Each structure stands twice: as C-alpha cells, then as structure tokens.
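Engineer: Numbering (full-length UniProt numbering), first residue to last: 1 to 604.
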DNA sequence: GTAGGGTTAG
C-alpha cells in the first residue's frame, strides 16, 4: 500500500459542515507528524500530500485554518519542497505570530537571508510582535555582526534577554560570526544551570576553529557538581575531536558516551562517522555506519564524504549508487558536493561531469556555487584551464568567491600566471576575508619573483584586516597533543627532531630530491629558503612521531593549513625510507602516504 | 503548532 488515502489516515469523520473546525487540530497534528527524516521520508511525503489534498477539498473552515496552514508551511520544506510553503503562506486569509515564525524559520533554515529579513520587517510593519522564537530565528540568520547586534539589542529592548532559547541562539550567533569573546561573555552572565548555553558554547567553539576550548568546556561540564553532559554536549565534543583529528581522545569520549548510558542514535551515530572519518579511521566509521538501523540522508552523506576525503573515491561512488538503488532517498546538494569533490581530487573528469549533469536531469536539483566550484576545480586540476574559464562565464548565477578561488588554485598547480592573476582580481573584487586566497595569489607572484606584487598583496590583506594563521601541525601521542610551528625549537626533544630531519634529508638527497624553494614566501636567498622549508611544521611533527612511536606503527599528523607541494613530496619519500604509513590530515583532506605514494594521487 | 544538536566544496 504505497499511496495513502484519507480513509486509512483516520481523517474520515462524520460531522456536519459547521463542526469542521473541530478536526483542524487533528489534521495539524497529523501534518506535523510527517517530518521523519529517515528512510521512510518518501512515504511521509505522500501522506502529507494526501492530507493537503483532503484539506483543500473538505471545506473552507479547514482550508482557511491558521494552524492547518502553518503546519503545511512547516511540512513541505522538510521534503525539500520550498515553493508550496511560500504560496500557502501568502494565500492564507489570516496569519498569527506562529504562522509568521514558521515561514521565517523556513527561510532561515534554507539560508535565504534576504527573504528572512524581508519577512521579519513585514511582520513588524503589520503590527505583530516578535517573540523568543522569532528572534531566535533572526539570530540564526544574521550573517553580519551588525545584524546580530541589532537582534541582540532588540532582545534586550523587548525584555527577553533572560530567555533560555534566546540566550543559546545569541551565543551560537556570536560564535558563528567569529566573535567568540562575545559568545563567552554571554555565557558568563547566564545562570550556569542552563544546558542550552553550555551546549551552544561548546559547539560554537568546536565549529568555529577553537576545538581545544570546546573540549575544555566539555570537561568542565563533565566535572560539574550539579550538571552533566547530555547528548548534544557530546556532539560538540565529538565535533571538536574531528576538528583536531584527535582519534584517541575521540574514542575515550565515545566510550564515555556509551558508559553514561546513552544510546547511539542516528545523530550521534552520524557524528561518530564524521569524527572517525576525519581522523583517518574510515574502517571504524564504516562499522558504525553499517550498524545503523535507519540511515537517513545525512548519515549516508557523512559516510560518502568520509570515503571521499580519505581518497577512496571508488568506495564513495559505490556507496552513492547503493544508496540510490536500495533506498527511497533523494540525494541533495550536499551529497553531490561530496561526490563531485571526490571525483575532482582523483582526476575523474568524466565521472564528475556525469554526476553534475545527473543532478539536474534525474533529481531536478539546481546546482549551487559549491557544485560549480567543484566543476571548475575538476576541469582546472585536469589542466583544462580555458575550459574552466568558459564554464564560469556560462554560469547562470554570479560566480562567488569559491568559484574564482577554485580557478585560482588550479592556476597555481599548473603555473598559469595570466589566468591566475585574472581569477585573483575577480576574487578580490568580492572582498573576501579568507586568508588562503591571498596566500595563493602571493605564492603565484613569488614563484615568478614579482616581490613588489607580493608586498602589495600583503598590504591589501592588512588594509582589509585579513590575518593569515601561522602554520601548525600536531601529533596525538597517547592522548596528549604535541604541537609544532614553522621553525619551532621549543619542544623538549627539539634537538633529536632536527637530527632526525637531517638524517632523512641526507637519504632523500641520495634519492634525487631537490627542494622546491618557490614555495617559500619570502624574498630571501635560496639557502635560507631551503632551511625554512625543511622546518615546516608538518615535518617537525612527523619527525617527532617517528622518534616516539614503535617501528611499523602508523603515524598520524594533523595540520591547520593545506600541506605544501614540497612537504607532500618529502612525506612520500619519508614513507618509503622508513617503511611507515603516514596519515596527514590538512585543512582540507587526508593524505595516506605509504611506500612513496599518496592516496590523493597528487591531486589535492 | 513555530527554535536549538549530526553531513558540504574552495
């Protein structure tokens, strides 16, 4: 029985027309129940549509009911159908705050920031008063600090600053806008008993580049006299471990979760898949994934990208095909992004194009910036730079920073100065604050010795307040983290580390290795450049790990920036010389080095 | 009835 009808939904009533309104709450409840995100999604979608059909037919009282309509507005976007939500909302004969909130939250969740703010303004103009849920949604869809502060001000003015929902949303907002100090301040003045605030701040730190702080806060909560972590707190902690690549710490937290009596549900399961994948333990992630009873799109998504990011493209594609064949799940933009990026990082040009076309043809999904960037990347890495530019020119939407950035990255790989500089100009017109792009352009200029332009890029960064974080690499040795900066000599074992690097350097030179000094960003002579290169943070970390682990044991290193081409070559050689498996996770992906080769096949 | 916690490229 695949097509539900009203009879089997329990909505057949024998009541006269004037008591029709009585069934509205029941219909509303049924509609709201249609929001499973699991593998039964398709069935609920059919049920929801059937109920909607019934609502339209049964009579004006039901058709015009505010709750019923709000529930419909709420339901459709859960199935990815945004249009019906908008048209239902606008054709409602009367609306209340809940109806407005529902529509605002739909726009906020789908990232339509302009529409969200427009709706919010109109709601106020029409004389409705914002409540805690409205303002929580608005905090959510503030993507600039000024907007956020305005909402914060409004919260104070309306007298809702004590509200727990709002407190958590504001913390979340400040963290997302990279204003962790403000987030911490809000947390500090809140009554500490509010779990919402703890969780918001733990997640805020974890997701916004401060994983260590997230874990510290999580441990404070663990040791708290009156409170203990709930499953959301664990999400934050696992997220932080994923960001750190700290698999041992992650495993301890995983065990702690289970021993505390929590059940690994779909959400924690997905988070575990993500954590283990991002720590390079794809097998463990896979075990958890296979053990999950009801996998939804997000779980599949996490596992597919887990394979992709670890260089296992074939596995990623196999899994994607399995998902489409065996389940009634409709892939979304996120899954396609993972698949496309996996293809581009393995140079699978044809496959990438195939999936890009399939997105629209089979699933009716409109490609977004992310997917366009993937294709630009795909063409660019394969050396088809002109085709890549043509592709950008034909895009139906205005290319954003990520698209131009992908072209710039490809130009650097293939040393195409002219096009690279063009891409960079386009990129910087968009006023990005992402330091990585400035470094790319700077590298381009440095490679051809245009030091004046290198200086100009630096000045541009300064004037725009862009800061390049210093390169850091770290190793998790028996649960404690050892961290290294470029040229770092502060570690107690520093002498041994540099001796190890010298020893490896000699062996590498015997194998014909010549350092690529183009990659050092300073206007200095070659000897000094070489010295800087040999002390890149990941090399220090690798040498440290070699000294402190048993022979044959794999080495895991995490780096905050992307690994440079020279370190990549070097690590390949070190894996051959020492016979060790070296797993490096950089800011973007994994490199599994073994026997002189890397899983990324030199595409990254 | 409406919010908040899992997945995404460059």
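All C-beta atoms, glycine included, are put in the ideal place defined by N, C-alpha and C.
This structure is a prediction, so every number in the text was calculated from the model and none was measured.
Which residues bound the beta strand (DSSP E) around residue 483?
Structural biologist: Translated into positions along the first chain, residue 483 becomes position 483. Its beta strand (DSSP E) spans residues 480–485.
Engineer: From this set, 416, 235, 229 and 280, which residue's C-alpha is nearest residue 388's C-alpha?
Structural biologist: Counted from its first residue, the first chain places residue 388 at position 388. With distances taken between Cα atoms, residue 388 lies closest to 416.
Engineer: Mind pulling the alpha helix (DSSP H) runs of 4 or more residues that sit fully within the region 399–453?
Structural biologist: 401–413, 417–429 and 435–447
Engineer: Run the CB neighbour count on residue 354, radius 10 Å, all protein chains shown included, and call it buried at 16 or more, exposed below.
Structural biologist: On the first chain, position 354 is the one that residue 354 refers to. So residue 354 ends up on the exposed side.
Engineer: Look at the Cβ atom of residue 34, then the Cβ atom of residue 67, and state whether they are nearer than 8 Å.
Structural biologist: For the purposes of this step, residue 34 is taken as residue 34 along the first chain, with counting starting at 1. For the purposes of this step, residue 67 is taken as residue 67 along the first chain, with counting starting at 1. Cβ distance not < 8 Å, so residue 34 and residue 67 don't count as in contact.
Engineer: Can you list, in chain order, the residues of its chain whose CB lies under 8 Å from that of residue 435, leaving out five sequence neighbours each side?
Structural biologist: Here residue 435 refers to the residue found at position 435 when the first chain is read from its first residue. The residues are 461, 466, 467, 468 and 469.
Engineer: Check each candidate in 72, 320, 534 and 139 and name the one with the smallest Cα separation from residue 298.
Structural biologist: In the first chain, residue 298 corresponds to position 298, counting from 1. That would be 320, whose Cα lies nearest to the Cα of residue 298.
Engineer: Taking the alpha carbon of residue 549 as the reference point, which residue from 87, 567, 151 and 582 has its own alpha carbon closest?
Structural biologist: Taking the first chain and counting its residues from 1, one reaches residue 549 at position 549. Cα-wise, what sits closest to residue 549 is 582.
Engineer: Which one or two residues does DSSP pair with residue 591 in a beta bridge?
Structural biologist: By 1-based counting over the first chain, the position of residue 591 is 591. For residue 591, which the question treats as bridged, DSSP gives the partners 584.
Engineer: Residue 491 and residue 484 look like a contact to me (Cβ under 8 Å); what is the Cβ gap, rounded to whole Å?
Structural biologist: Position 491 of the first chain, counted from the first residue, corresponds to residue 491. Position 484 of the first chain, counted from the first residue, corresponds to residue 484. 7 Å between Cβ atoms; contact.
Engineer: Please name the residue, chosen from 291, 229, 276 and 150, that lies closest to residue 261 on a Cα-to-Cα basis.
Structural biologist: Residue 261 sits at position 261 when you count from the first residue of the first chain. Taking only the C-alpha atoms, the option nearest residue 261 is 229.
Engineer: Checking 8 Å against the spacing of the C-beta atoms, do residue 552 and residue 575 come in under that value?
Structural biologist: Residue mapping note: residue 552 aligns to position 552 of the first chain, counting from 1. Residue mapping note: residue 575 aligns to position 575 of the first chain, counting from 1. Cβ distance not < 8 Å, so residue 552 and residue 575 don't count as in contact.
Engineer: What first and last residue would you give for the alpha helix (DSSP H) that runs through residue 105?
Structural biologist: The residue given as residue 105 occupies position 105 in the first chain. Its alpha helix (DSSP H) spans residues 97–109.
Engineer: Mapping DSSP to helix, strand and coil, what is residue 556?
Structural biologist: Start at 1 with the first residue of the first chain, and residue 556 comes out as number 556. If DSSP states are grouped into helix, strand and coil, residue 556 belongs with the strands.
Engineer: I need the DSSP call for residue 477, collapsed to helix, strand or coil.
Structural biologist: The residue given as residue 477 occupies position 477 in the first chain. Three-state result, residue 477: strand.
Engineer: With contact counted as at least three CB pairs below 8 Å, one residue from each stretch, are the region 165–182 and the region 132–149 in contact?
Structural biologist: yes
Engineer: Please report the distance separating the alpha-carbon of residue 535 from that of residue 499.
Structural biologist: Numbered from its first residue, the first chain carries residue 535 at position 535. Numbered from its first residue, the first chain carries residue 499 at position 499. Going by the C-alpha atoms only, they are around 12 Å apart.
Engineer: Using the three-state DSSP reduction, which class does residue 598 fall into: helix, strand or coil?
Structural biologist: In the first chain, the residue the question calls residue 598 occupies position 598. Strand, per DSSP.
Engineer: Report all residues from its chain with a CB closer than 8 Å to the CB of residue 480; omit the five preceding and five following residues, and keep chain order.
Structural biologist: For this step, residue 480 is matched to residue 480 along the first chain. Once the five neighbours on either side are set aside, residue 480 has no close Cβ partner at all.
Engineer: Measuring only the C-alpha atoms, how far is residue 445 from residue 413?
Structural biologist: Here residue 445 is taken as the residue at index 445 of the first chain, counted from 1. Here residue 413 is taken as the residue at index 413 of the first chain, counted from 1. Cα to Cα, residue 445 sits roughly 13 Å from residue 413.
Engineer: Can you check the region 47–79 for any beta strand (DSSP E) of at least 3 residues that lies completely inside it and give the ranges in chain order?
Structural biologist: The qualifying runs do not exist here; there are none.
Engineer: So is residue 424 buried or exposed if we call it buried at 16+ other beta carbons inside 10 Å?
Structural biologist: Here the question's residue 424 lines up with position 424 in the first chain. Residue 424 is buried by the Cβ-count criterion.
Engineer: In terms of residue numbering, what span does the alpha helix (DSSP H) encompassing residue 514 cover?
Structural biologist: On the first chain, residue 514 is found 514 positions in, with the first residue counted as 1. Careful: residue 514 lies outside any alpha helix (DSSP H) and carries neither H nor E.
Engineer: Using a 10 Å radius around the Cβ and a threshold of 16 neighbouring Cβ atoms, would you call residue 176 buried or exposed?
Structural biologist: Residue mapping note: residue 176 aligns to position 176 of the first chain, counting from 1. The residue is buried, with at least 16 neighbouring Cβ atoms inside 10 Å.
Engineer: Look at the Cβ atom of residue 385, then the Cβ atom of residue 408, and state whether they are nearer than 8 Å.
Structural biologist: As a working mapping, residue 385 is identified with position 385 in the first chain. As a working mapping, residue 408 is identified with position 408 in the first chain. Contact: no.
Engineer: Tell me, to the nearest whole angstrom, how far the beta carbon of residue 124 is from that of residue 107; I am working on the premise that it is less than 8 Å.
Structural biologist: Locating residue 124 in the first chain gives position 124, where the first residue counts as 1. Locating residue 107 in the first chain gives position 107, where the first residue counts as 1. In fact, because the Cβ distance is near 15 Å, the residues do not count as touching under 8 Å.
Engineer: Taking 8 Å as the threshold (C-beta atoms), are residue 342 and residue 308 in contact?
Structural biologist: The residue you call residue 308 lines up with position 308 of the first chain. The residue you call residue 342 lines up with position 342 of the first chain. It is a contact, given that the beta carbons lie within the stated cut-off.
Engineer: So what's residue 30 in DSSP terms, helix, strand or just coil?
Structural biologist: Start at 1 with the first residue of the first chain, and residue 30 comes out as number 30. Note: residue 30 maps to helix in three-state DSSP.
Engineer: From the DSSP secondary-structure annotation, give me the bridge partner or partners of residue 472.
Structural biologist: In the first chain, the residue the question calls residue 472 occupies position 472. The partner list for residue 472 (beta bridge, DSSP) reads 485.
Engineer: Please go through the same chain and pick out, in chain order, the residues whose beta-carbon is closer than 7 Å to the beta-carbon of residue 28, but skip the five residues on each side of it.
Structural biologist: In the first chain, counting from the first residue as 1, residue 28 sits at position 28. The answer, listed in chain order, is 67, 68 and 71.
Engineer: Give the DSSP-derived three-state secondary structure of residue 382 in the structure shown.
Structural biologist: What you label residue 382 is simply residue 382 of the first chain in a count that begins at 1. The answer is coil: DSSP assigns residue 382 none of H, G, I, E or B.
Engineer: Enumerate in chain order the residues of its own chain whose CB-to-CB distance from residue 42 is below 7 Å, with the five nearest sequence positions on each side excluded.
Structural biologist: Your numbering for residue 42 matches position 42 in the first chain. Contacts found: 328.
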